[in-house]
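Colleague: By my numbering, the letter at position 519 of the sequence shown is numbered 1764, and the numbering carries on one by one without gaps.
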Amino acid sequence: MAAPLSRRDIDFLLHDWLNITALTEREHFADHSRETFDGIMDVAADMAVKLFAPHNKKADQNQPYVGDDGKVVLIDDVKLALDEFAKAGLIACGFDESLGGIALPTVVNRAAMAWFQAANPSTSSYPFLTIGNANLLVTHGTPEQVDTWVRPMLEGRYYGTMCLSEPDAGSSLADITTKAEPAADGTYRISGTKMWISGGEHELTENIVHLVLAKAPGGGPGVKGISLFIVPKILDGERNGVSLVGLNHKMGNRGTTNTLLEFDGATGYLVGEEHRGLSYMFHMMNEARIGVGFLATAIGYAGYLASLEYAKVRTQGRSAASKDPSAAPVPIIEHPDVKRMLLAQKAYVEGALALGLYCAKLVDDENTAEPDAAARAHTLLEVLTPIAKAWPSQWCLEANNLAIQVHGGYGYTTEFDVEQYYRDNRLNPIHEGTNGIQGLDLLGRKVVQGGGAGLAVLAETIDATISRARDAGGEAADYATSLADALQRLTETTATLWKGLDPAVALANSAVYLEAAGHVVVSWIWLEQLLAVGSNAGDFYDGKRAAARYFFRFELPKTGPQFELLTSLDRTTLDTDPAWL
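(1) Please name the residue or residues paired with Arg1484 in a DSSP beta bridge.
(2) What ranges does the beta strand (DSSP E) occupy inside the segment 1520 to 1547, keeping only unbroken runs of at least 3 residues that lie completely in it?
(3) Count the other C-beta atoms from every protein chain shown that fall within 10 angstroms of the C-beta of Asp1322, then say buried if there are 16 or more, exposed otherwise.
(4) Please state the DSSP three-state secondary structure of Asp1730.
(5) What are the complete alpha helix (DSSP H) segments, minimum 4 residues, inside the segment 1761 to 1808?
(6) List the DSSP bridge partners of Cys1408.
(7) Contact check, Ile1442 vs Thr1406 under 8 Å by CB: the rounded distance?
(8) State yes or no: is the C-beta of Asn1907 within less than 8 Å of the C-beta of Met1529?
(9) Counting along the chain, where does the alpha helix (DSSP H) carrying Glu1426 start and finish?
(10) Curious, which full-length beta strand (DSSP E) runs of at least 3 residues does the segment 1605 to 1653 contain?
(11) So Asp1609 and Thr1351 are in contact, right, with Cβ under 8 Å, and what is the actual spacing, rounded?
(12) What is the DSSP secondary structure of Gly1656, counted as helix, strand or coil?
(13) DSSP three-state label for Ala1511, please.
(14) Taking Leu1449 as the reference, which of Asp1328, Gln1390 and Leu1473 has the closest Cα?
(15) Please determine, among Glu1554, Asp1582 and Tyr1549, the residue with the shortest C-alpha to C-alpha distance to Gly1562.
(16) Quick one: what's got a C-beta closer than 7 Å to Ala1753's C-beta in the same chain, skipping five residues either side?
(17) On the three-pair Cβ rule with 8 Å, is the segment 1518 to 1537 touching the segment 1324 to 1343?
(18) In the DSSP assignment, the beta strand (DSSP E) including Met1286 goes from what residue to what residue?
(19) Determine the direct distance from the alpha carbon of Thr1736 to that of Gly1719, and round the result to whole angstroms.
(20) Please tell me whether Leu1772 and Ala1714 are closer than 8 Å, where the distance is taken between their beta carbons.
(21) Can you tell which of Ala1777, Thr1375, Trp1360 and Ala1619 has the C-alpha that lies nearest to the C-alpha of Val1294?
(22) Just to confirm, is the Cβ distance from Ala1633 to Gly1601 under 8 Å?
(23) Less than 8 Å between the CB atoms is what I'm expecting for Val1490 and Glu1518, so what's the real figure, rounded?
(24) So does the segment 1784 to 1803 actually touch the segment 1585 to 1603, counting three or more Cβ pairs closer than 8 Å?
(25) What's the call for Pro1388, buried or exposed, on a 16-neighbour Cβ count within 10 Å?
(26) Count the other CB atoms, across all protein chains shown, that sit within 10 Å of the CB of Lys1316; report buried if there are 16 or more and exposed otherwise.
(27) Using a Cβ-Cβ cut-off of 8 Å (strictly less than) and excluding sequence neighbours within five positions of Thr1502, which residues of its own chain qualify?
(28) Grouping DSSP H, G and I as helix and E and B as strand, with all else coil, what is Gly1340?
(29) Pull up the DSSP beta-bridge partners for Thr1438, would you.
(30) Would you kindly work out how many angstroms separate the C-alpha atoms of Glu1595 and Gly1482, rounded to a whole number?
(31) Ala1729 and Gly1500 - do their beta-carbons sit closer together than 8 Å?
(32) Take the Cβ of Asn1673 as the centre, count every other Cβ of all protein chains shown within 10 Å, and call the residue buried at 16 or more, exposed below.
(33) Mapping DSSP to helix, strand and coil, what is Ser1251?
(34) Can you list, in chain order, the residues of its chain with a C-beta nearer than 8 Å to that of Gln1390? Leave out the 5 residues immediately preceding and following it.
(35) Indicate the three-state DSSP secondary structure (helix, strand or coil) for Pro1388 in the structure shown.
(36) Buried or exposed for Tyr1546, please, with buried defined as at least 16 other CB atoms from any protein chain shown within 10 angstroms of its CB.
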């Protein structure tokens, strides 16, 4: 079975560009080396291809269902693959040795996880959620909570979820109605309904650890009244008051159970302090947002490689220069429009993967660098997170769309993988805060908080790359000029939007702002890659040059009209009466 990612590209990004081996100079990662990092990649790539990819289509065609005994039934392949994943230590590897891990850098862990996300998005979602759940509890839970709930999750005996949304609240967490009543023994009784809970019910593990947002007495209205609770499915060998109301039937990502759960006086354990639950949950949500960006990237990448292979072997038509109708048909990869679609996919998915890995390395810097560098990494990561989630969710989905187009009519059939890739990826602009919410977060919070510190650090970082590119000369210097102009437009546009201090006007076109800012950021990422390519020769490096050229000539210019719209303070959407629609 063909690999769903390019190992050559991952090695280039991790070593030639990000130089992740330098992380081993820090005490926290001192036990690692290039060999251990490459070894993890070897294991991940091998397991993803052999254990996860083979049942991706089977899981899609055989959705989970509730059996006669009330238990959720999944195909056996899911548990077999996940048990091997846990045995290999891949759930725990990013955690400290005291918890059974190996303190693997986040950037390596994310790269390894991308193999599984590309091979089988549905099956990989179970450990993905579990790792995020465990990270939150390690940071905000008590030692007893870590021993009781985190250790079994890292061993693969328990899995974890995040329970935020409700049927009527959706993404508006201020409106949740789930209640938490204190009990005499110090626990709480959780009552309410949670919707869209991925991995919310299954028989894959001994237990499921739900992290539930609920309102405890005295918290007041809005998000400031929200607390966070551990609510296990099984407690003291008995079913806790958590029941499955139903499974949601999805367009894609069908192998992951997606549930409506009823909490009926379930025993819950408070995480941290009362009424600070949303701030704790954002630890998992921000991690998940970057993870969703990786998931979108991985699925887009798999579709790109599938359509690339198809274009090499599918023959049809002749070159425009050919005048001989009896000449043999050529592989469709010879046609300029097919090359355009493949170049676009390459530019999207390789740019998105590089952005994701850059953000993952920022997590390592935030946690292990010297204080000043750590603080700077935190600020930069804050402003990049909504882009790292939303940009791949939009443009790697477009890559999947183009992969279908490359296949022609065959791409629209279930016999070929690309139609499933599109369906699986269509969830990601919704997952973990819709792209619209990411736009509001970026423009409404991240670029203005701290007096605009996040945008300032981002601009400084991009300016440093521009300076290096100008010194390098040639194509890189030309791109540096284009990027400098776009960056200036971004900073000026941000100032214009907030100059009037009317949030409604400023935020009315935040989705356009997010898209434009994302294109500026990914242009910077492509310029970084081009500088890492340097003067190296060969098809791989020429491919990077071609993708960078495509992005700067076809994609970055799209931001010009977007900035013009934004600076005009257009009110079209704001002033549209719902009755007109």
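Note that the Cβ used here is the ideal one computed from N, Cα and C, for glycine as well.
Modeller: Straight from the coordinates:
(1) Residue pairing of Arg1484 in beta bridges, as defined by DSSP: Ile1479.
(2) Here no run is fully enclosed.
(3) So Asp1322 ends up on the buried side.
(4) In the displayed model, Asp1730 falls within a helix according to three-state DSSP.
(5) Those alpha helix (DSSP H) runs which fall completely within the segment 1761 to 1808 and span 4+ residues are 1784 to 1795.
(6) According to DSSP, Cys1408 shares a beta bridge with Val1457.
(7) Going by Cβ atoms, the distance from Ile1442 to Thr1406 rounds to 6 Å, so yes, they are a contact pair.
(8) A question about residue 1907 goes unanswered here, because the residues of the chain that appear run from 1246 up to 1826.
(9) No alpha helix (DSSP H) holds Glu1426; the beta strand (DSSP E) holding it covers Lys1424 to Pro1427.
(10) Considered as a whole, the segment 1605 to 1653 harbours no complete run of any beta strand (DSSP E) with no fewer than 3 residues.
(11) That belief holds up - the Cβ atoms of Asp1609 and Thr1351 are roughly 5 Å apart, short of 8 Å.
(12) Correct three-state label for Gly1656: helix.
(13) Three-state DSSP puts Ala1511 in a strand.
(14) The residue from Asp1328, Gln1390 and Leu1473 with its alpha-carbon nearest to that of Leu1449 is Asp1328.
(15) Taking only the C-alpha atoms, the option nearest Gly1562 is Asp1582.
(16) Excluding five sequence positions before and after Ala1753, the CB atoms of its chain that fall closer than 7 Å to its own CB belong to Arg1816, Thr1818 and Leu1819, given in chain order.
(17) The segment 1518 to 1537 is not in contact with the segment 1324 to 1343.
(18) In the DSSP assignment, Met1286 falls outside any beta strand (DSSP E) and within the unbroken alpha helix (DSSP H) covering Arg1279 to Met1292.
(19) Between the alpha carbons of Gly1719 and Thr1736 lies a gap of roughly 26 Å.
(20) Yes, Cβ-Cβ distance for Leu1772 and Ala1714 is below 8 Å.
(21) It is Trp1360 whose Cα lies nearest to the Cα of Val1294.
(22) Against a cut-off of 8 Å, the Cβ pair of Gly1601 and Ala1633 comes out as a contact.
(23) Not confirmed; about 31 Å, so no contact.
(24) In short, these stretches touch, since the Cβ pair count reaches three.
(25) By the neighbour-count rule (16 or more Cβ atoms within 10 Å), Pro1388 is not buried but exposed.
(26) Within 10 angstroms of the beta-carbon of Lys1316 lie fewer than 16 other beta-carbons, which makes it exposed.
(27) Residues of the same chain with a CB within less than 8 Å of the CB of Thr1502, apart from the 5 flanking positions on each side, are Pro1309, Val1317, Leu1319, Ser1443, Gly1444, Gly1445, Glu1446, His1447 and Leu1492 in chain order.
(28) The question names Gly, yet the displayed sequence has Phe at residue 1340. Phe1340 carries a coil assignment under DSSP once its states are collapsed to helix, strand and coil.
(29) Thr1438 has Glu1507 as its beta-bridge partners, per DSSP.
(30) The alpha-carbon atoms of Glu1595 and Gly1482 are separated by roughly 47 Å.
(31) Their beta carbons are not under 8 Å apart, which means Gly1500 does not touch Ala1729 by this criterion.
(32) Here Asn1673 is buried. Its C-beta has 16 or more other C-beta atoms within 10 Å.
(33) DSSP, read as helix, strand or coil, puts Ser1251 in coil.
(34) Cβ within range, chain order: Leu1382, Ile1475, Tyr1514 and Val1516.
(35) For Pro1388, the three-state secondary structure derived from DSSP is helix.
(36) That one is buried.
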